[in-house]
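Accompanying notes for the structure given below.
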Amino acid sequence: MLTNDDHLLTRFGPVDTVEALHTFFFAYDGVSQVVASTQRLLVGLLIASLVGAPIGIAIGVSRPLESASSVLMQFLRMISPLSWTPIALILFGIGDTPVYFLVAIGSVWPIVINTAAGVKSVDPRWKLLAKSLGATPMETLISIILPAIQTHVLTGIRVALGIGWVVLVPAEMLGVDNGLGYSILDARDRLEYGEVTAVILVIGFIGFVMDLASRNLLSKVNNESLSAA
Amino acid sequence: MRPESRRNSKSSFAVEVINMSASYGDFQTLDKVCFNASTGELLCIVGESGCGKSTLFNVIAGLIEPYEGDVLSYGVTLSKKTGRVGYMPQRDLLLPWKRLISNITLGAELAGIEKGVAREQARGLLPMFGLAEFEKYYPYQMSGGMRQRAALLRTILTGHQVLLLDEPLGSLDALTRKRMQQWLLKIIKNHADRTILFVTHDVDEALYLADRVLVMSSRPGTIVYEADLRSIPQETAVIKRESLNAIKRQVMDKLGVNERDSYFRHHAHR
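See the structure below:
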């Protein structure tokens, strides 16, 4: 099949792709597509962190809340983020907001779960120490729990980053007119299949670089302060 | 010898434990414990593992509420109130994400004292604790002895009149421990206004450091023996040794142990 030079698949091949990468970046302003996607990812992740970390802390601190929420959490976590698309479009209309929502709802779970696990793994003797020094529960949270769970939260965000990036591309195929997901559809509609491959490569490359960067950041944080923990 | 009690009326003991019983989990760990400590005294509480020494400290630190009796400091109850005494737990519990200087000023930070002021005060004490060069070190970069000294400094910097030290030298190797005991005596002399309760299971350590030694029975713990080491005759080294020997035999007997030990060596210079 692939030996047939006229077959459609050959148009996804490497020669066309290199050329298409050039076209994507210069004719279709690839950089601004990348920027648009990255910005959506970061906003989605920010929302996921702002919502997920406090929920994770609350679940980690309160045993009743943990038992009450565990079934619901596992239930919601198993729903593909893209299943929320119709609801997202009804709630937020067309534009960036439903994309933020889909990225956030896909990536919030690892943050919640890691944060809760982090809070539960805080050495109870540290909390006792803070208490013996006269700390209120809020002061214990700020002085002991938050710094102690830093690595757990960052690990959660790193996992969330991966999920968010994977969710982002299909989410950008609905109702936005820029970004990498949109570029794939746009290239397909223009029958520029080489460009489709080019954008796929760009998506993979950026995902890889972001993961590498977040892993380095994480190990830097670990080395700096938690080597003895 | 360290200063005698400066306050004589009964309500002005630095620590006054009155008929106090407490439990930890489902177990009654303390049974009608009764003793007191005057300002400036160093009391060593000796007992075997699990006799309730840590529960006793948790009660005095306000972390556990006794179900009977009370604990007072200068006439004010300490139960249910945390942050009134300096408590150094068994492990150093230095926070791994904080540098030495932030670790030792944790109490001050929690008490709302301004960072700069707390650090200035802490820096003044670093040399005496052999930590002058290590202000910026993280706990994992420090040796066991340094970590214990840092934990003690953190306890002293709380500024509280009463200090509870729970086996502060327990995790150290024998050699470091000996050195730390000598150093600790010096530190205590420099803070003679503080009242110190010191828990150990090492009888020699207790006899070496304490003004008074209290022996706790096994669970439920209660005070079964008390010896005032300041009252032992000092005329000659031999008499002093013999008196210490007699006290040690008593303490060992109350602990249910009967063996002679060579504690003379480190008491020769006491």
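Those protein sequences? They're chains E and A, same order as listed. So in the numbering used here, spot 218 of the first sequence is number 218, and the numbers just go up one at a time. Counting the second sequence from 1 gives a position; the numbering used here is that position plus 1000. Note that the Cβ used here is the ideal one computed from N, Cα and C, for glycine as well. Source: prediction; values computed, not measured.
- Residue-level contact by beta carbon holds for A/A1061 and chain E, with a gap shorter than 7 Å.
- A direct Cα-Cα distance of roughly 59 Å separates A/A1227 from E/I157.
- With 16 or more other Cβ atoms from the protein chains shown falling within 10 Å of its own Cβ, E/Y193 counts as buried.
- Under the Cβ criterion (8 Å, minimum of three pairs), the segment 1035-1054 of chain A does not count as touching the segment 211-220 of chain E.
- Taking the beta carbon of A/Y1024 as reference, no residue of chain E falls within 8 Å; the closest one sits roughly 13 Å away.
- Bounds of the beta strand (DSSP E) holding A/K1032 are 1027-1037.
- Scanning chain A for C-beta atoms nearer than 7 Å to the C-beta of E/K131 yields L1063, T1082, reported in chain order.
- If you draw a straight line from the Cα of E/R190 to the Cα of E/P147, it comes to about 51 Å.
- Shown here, E/T136 sits in coil according to DSSP, grouped into three states, outside any helix or strand.
- Closer than 7 Å to the CB of A/L1197 there is not a single CB belonging to chain E.
- Put simply, the CB of E/R215 is far from chain A, with every gap to its CB atoms at 7 Å or more.
- Neighbours of A/E1048 across chain E, judged by C-beta separation under 9 Å, do not exist; the nearest C-beta is about 22 Å away.
- Here E/R125 is exposed, its C-beta having fewer than 16 other C-beta atoms within 10 Å.
- Residues are counted here when their Cβ sits less than 8 Å from a Cβ of chain A; for the segment 133-151 of chain E these are L133, G134, A135, E139, S143, I144, P147, A148, Q150, given in chain order.
- At a cut-off of 7 Å between beta carbons, E/R125 contacts chain A.
- Annotated three-state conformation of A/I1113 is coil, per DSSP.
- Cβ neighbours of A/N1058 within its own chain (closer than 7 Å, five residues either side excluded): I1064.
- Taking 7 Å as the cut-off, the beta carbon of E/L180 is found no closer than this to the beta carbon of E/Q39.
- When DSSP states are grouped into helix, strand and coil, A/N1019 belongs to the strand group.
- Per DSSP, E/I79 is not a residue of any alpha helix (DSSP H), being assigned neither H nor E.
- Taken atom to atom, the span from the alpha-carbon of E/H152 to that of A/W1097 is near 14 Å.
- Only exposed fits E/L72, as fewer than 16 other CB atoms lie within 10 angstroms of its CB.
- Flagged as an interface residue toward chain E: A/G1107, by a C-beta distance shorter than 7 Å.
- When rounded, the separation of the alpha-carbon atoms in A/R1091 and A/S1171 is 7 Å.
- DSSP assignment within the segment 93-136 of chain E yields the following whole alpha helix (DSSP H) runs of 4 residues or more, N-terminal first: 96-120, 124-132.
- In the pairwise beta carbon analysis, the segment 1077-1088 of chain A is classified as not touching the segment 1120-1140 of chain A: fewer than three pairs are separated by under 8 Å.
- Considering only beta carbons, the part of the segment 1084-1103 of chain A lying closer than 7 Å to chain E consists of Y1087, P1089, R1091, L1093, L1095, P1096, W1097, in chain order.
- If the five residues before and after A/A1118 are omitted, its C-beta is found closer than 8 Å to the C-beta atoms of T1105, A1108, E1109, L1157, all from its own chain and listed in chain order.
- Straight through space, the alpha carbons of E/L133 and A/E1167 are spaced by roughly 18 Å.
- Taking the Cα positions, E/P98 is about 9 Å away from E/P86.
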